[in-house]
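For the sequence shown, the residue numbers in the working numbering are 3 to 291. Built from N, CA and C at the ideal position, the CB exists for glycine as well. Here's the structure, in structure tokens; my notes come after.
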Amino acid sequence: MVTKVLNIKFFLACLIVSEILISCSTKEKETGIYESGKVKWEVMTINGKREGLLKKYYEDGTLMLTSHWKNGVKTGELIQYYHNGKVDTKEYYIDGKPDGKMEYYDSLGNLRQVLNAKNGVVDGENIEYYSSGQVKHKETFKNDVKEGKGIVYNEDGSVHYRLIYHNDSIVYAIEYLEDGYVTNQLLKFKKTYDPNNTYKVGEKQVVYVKLLYSYYDNSKLRITLGKTDNYGNVIDTTYTVTSDNLMAKVQYVPKHAGENILKGSASEIANDSVKVVKHIELKFDIVEN
Numbered sequence: 003m004v005t006k007v008l009n010i011k012f013f014l015a016c017l018i019v020s021e022i023l024i025s026c027s028t029k030e031k032e033t034g035i036y037e038s039g040k041v042k043w044e045v046m047t048i049n050g051k052r053e054g055l056l057k058k059y060y061e062d063g064t065l066m067l068t069s070h071w072k073n074g075v076k077t078g079e080l081i082q083y084y085h086n087g088k089v090d091t092k093e094y095y096i097d098g099k100p101d102g103k104m105e106y107y108d109s110l111g112n113l114r115q116v117l118n119a120k121n122g123v124v125d126g127e128n129i130e131y132y133s134s135g136q137v138k139h140k141e142t143f144k145n146d147v148k149e150g151k152g153i154v155y156n157e158d159g160s161v162h163y164r165l166i167y168h169n170d171s172i173v174y175a176i177e178y179l180e181d182g183y184v185t186n187q188l189l190k191f192k193k194t195y196d197p198n199n200t201y202k203v204g205e206k207q208v209v210y211v212k213l214l215y216s217y218y219d220n221s222k223l224r225i226t227l228g229k230t231d232n233y234g235n236v237i238d239t240t241y242t243v244t245s246d247n248l249m250a251k252v253q254y255v256p257k258h259a260g261e262n263i264l265k266g267s268a269s270e271i272a273n274d275s276v277k278v279v280k281h282i283e284l285k286f287d288i289v290e291n
């Protein structure tokens, strides 16, 4: 019985202390004002820190933005509006930083972009849309940097570009024209010569050609060498090799001393069809035996 009475007294004491603390808190309304005297924004504060719903207005009184605050930190959903009342932006904040799905619209209400944020930086898939709703562009961010595969569509849904990003730069690109022809290719190769070998006339030489990036799974690399025209296209094949992966082994027997330049093409093959063809040169400095 004594214990129960003590517990009740303790509870009442805590309640009184809480009421005293609340009564000591300073709760005020923060208001921003345009030069015209119109309200620009308004939000409640407790002890000088924003708390609750903030509303921001255009000068004519139309709602521009709403956001949520806790203990002076932006937390929760933020919605920004066009002057016509349509939603412009939807974002979500945790501890003052964008976190989660973010949506952006045009002034007619059409979704134009969806991206994801994590701890204040863009991280995850970014999708852009045409006003028709058709997907325009897909790409992936890692820690605010473009990384990995991307694809750009025409408004009819056909593919315009296939891309690969590395460290925010495009390292692989294919453009598809309306007739299906592929152009404007960006491929990165690494050519590895034997650093300890002296290239001699009549002796077999080996160079490894590797495609560093590929949009497709299980791609192969085909190297074709020979006489080329003024545009770099092979018109008389003298050598060809197709690898089982993205690295091809090219073997060559030089017939004269000095600089030997082999010209041809490197083709990426996926799903039994040629996807990309790129001009390539291999250079050897040959000495006499």
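Under the three-state reduction of DSSP, which class applies to residue i: helix, strand or coil?
i           : result
residue 259 : coil
residue 5   : Caution applies to residue 5, whose pLDDT of 47 falls short of 50 and renders its modelled position unreliable; the model cannot decide the point.
residue 27  : coil
residue 222 : strand
residue 37  : coil
residue 201 : coil
residue 254 : strand
residue 159 : coil
residue 233 : coil
residue 216 : coil
residue 149 : coil
residue 264 : strand
residue 165 : strand
residue 248 : coil
Note the first and the last residue of the continuous beta strand (DSSP E) segment covering residue i.
i           : result
residue 128 : 126-131
residue 136 : Residue 136 -> no beta strand (DSSP E), and no H or E assigned at all.
residue 283 : 275-288
residue 238 : 236-244
residue 213 : 207-213
Measure the beta-carbon distance from residue i to residue j and round it to whole angstroms, keeping in mind my assumption that it falls under 8 Å.
i           : j           : result
residue 88  : residue 106 : Rounded, the Cβ-Cβ distance is 12 Å, inconsistent with contact.
residue 121 : residue 99  : 6 Å
residue 249 : residue 215 : Going by Cβ atoms, the distance from residue 249 to residue 215 rounds to 13 Å, so no, they are not a contact pair.
residue 225 : residue 243 : 5 Å
residue 86  : residue 69  : Not a contact, Cβ separation roughly 20 Å.
Can you give me the Cβ contacts of residue i inside the same chain, cut-off strictly under 6 Å, excluding the 5 residues immediately before and after it?
i           : result
residue 285 : 263
residue 2   : For residue 2 there is no data in the structure shown, the boundaries of the chain being 3 and 291.
residue 32  : 45, 47
residue 82  : 67, 90, 91
residue 154 : 139, 162, 163
Who are the near neighbours of residue i in its chain, counting only those whose CB is closer than 8 Å to its CB and skipping five residues on each side?
i           : result
residue 228 : 236, 237, 238, 239, 240, 241, 265, 266
residue 256 : 201, 202, 203, 204, 205, 207, 262, 286, 288
residue 36  : 42, 61
residue 144 : 125, 150
residue 187 : 175, 176, 177, 278, 279, 280
Got a sec? Which residues, its chain only, sit under 7 Å from residue i by beta carbon, not counting five neighbours each side?
i           : result
residue 71  : 45, 52, 53, 54, 56, 77
residue 27  : 48, 49
residue 123 : 145, 146
residue 159 : 136
key: Any beta strand (DSSP E) of 3 or more consecutive residues that is wholly inside the segment 39-124   = List check, beta strand (DSSP E) in window: 41-48, 54-59, 65-72, 78-83, 89-96, 102-107, 113-120.
request  = Would you list, in sequence order, the uninterrupted alpha helix (DSSP H) runs of no fewer than 4 residues that lie entirely inside the segment 169-195?
outcome  = Runs found: none.
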